[in-house]
Amino acid sequence: MSSDNPSGADNQQERPGFEQWIVGFVDGEGCFSCPIQRNPVMTLGWQCQPRFAVVQGERSIRALELLRDHFGCGRIHRNRRHDNHREDLMVYSVWKLDNLLMKIVPFFEAHPLITAKHEDFLKFRNILAMMERRMHLSRDGLRQIAEIQQTMNHRKPSRFLESSEAIRQPTLLDGRVEDMVLPPWRHGEPKSEIPCRVSSDLHEWRNDLGAVSTRDSAKLQYE
């Protein structure tokens, strides 16, 4: 049932209109998603997992087998229910990027979906193209994918975008060197009564003791 090697083509697949049956079936029971989940093994600590899935009750598993046989890829697995339903759910899933790009996407480009699920497919296709360019391996690229992903299906906020990894922390490298070492009057502020000079060490400031007025009541700290 969960083999990666689907059986031979069923006679029903040769009937006229079989592709339209798939379109209608996926319009009603299919889903294009791209969850971004934590994975400590990944460099960024997050993993992008695009998935095409169709769900049916166990008694209708034959419909999922027809999909698997037609596309020639994917797996069927059981999703046990813990509610008052008397049958488990069966899920046909395609995860591999190559199969999604070479088999799933071309089919739905040639046979467009009719419902609003078509918009999810277009976003899904865009994410796959970004992953093919390896954008998901950079923080900025993963952020762009997450922004698309959270507009699909139930439009849930992306956990990645809310994480600390997605929020870029400012560092000293974000500022210019002169912003860190130049005296205030170089930025248009009034010149202080206490002139300063920059030593040979750019990270060291020294007050010119000879220029400090003895009438100034402020107590300054020196090296």
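When you line the sequence shown up against our numbering, it's residues 4 to 226, in that order.
We put the CB at the ideal spot given by N, CA and C, even for glycine.
All values derive from a computational prediction rather than experimental measurement.
Secondary structure of residue i, DSSP reduced to three states
i: R81; result: strand
i: L92; result: strand
i: H190; result: In this prediction, H190 has a pLDDT of 46, which is less than 50 and means its spatial position is unreliable; what the coordinates show is noted afterwards. Of the three classes helix, strand and coil, the one that applies to H190 here is helix, per DSSP.
i: S63; result: helix
i: I130; result: helix
i: A119; result: coil
i: V44; result: coil
i: G20; result: coil
Spatial distance of residue i from residue j (CA atoms)
i: R62; j: S141; result: 43 Å
i: Q59; j: D143; result: 37 Å
i: E112; j: E122; result: 12 Å
i: V44; j: Q50; result: 9 Å
i: Q23; j: L70; result: 12 Å
i: H114; j: V26; result: 7 Å
i: F28; j: E150; result: 28 Å
i: H190; j: M138; result: In this prediction, H190 has a pLDDT of 46, which is less than 50 and means its spatial position is unreliable; what the coordinates show is noted afterwards. When rounded, the distance between both Cα atoms is 40 Å.
i: L116; j: L104; result: 17 Å
Residue from the options with nearest C-alpha to residue i
i: E135; options: K99, V58, D91, D72; result: K99
i: Q153; options: F28, C37, G27, I25; result: C37
i: R65; options: T46, R83, L92, G48; result: L92
i: F124; options: F21, F35, G20; result: F35
i: H157; options: R81, G75, T46, K120; result: K120
Opposing strand residues paired with residue i [DSSP bridges]
i: I39; result: C51
i: G33; result: V57
i: V97; result: F55
Own chain partners of residue i with C-beta closer than 7 Å, once the 5 adjacent residues on each side are dropped
i: T118; result: D30
i: Y95; result: A56, V57, L67, L70, R71, G77, I79
Nonlocal neighbours in the same chain, by C-beta distance under 6 Å from residue i, ignoring five residues either side
i: G33; result: V57
Same chain, Cβ closer than 8 Å to residue i, neighbours up to 5 away in sequence not counted
i: Q52; result: C37, P38, I39, Q40, W98
Closer than 6 Å: residue i CB and nearest the ligand GTP heavy atom
i: H157; result: Of the ligands one can find in the structure shown there are none, so the ligand GTP has no counterpart to examine.
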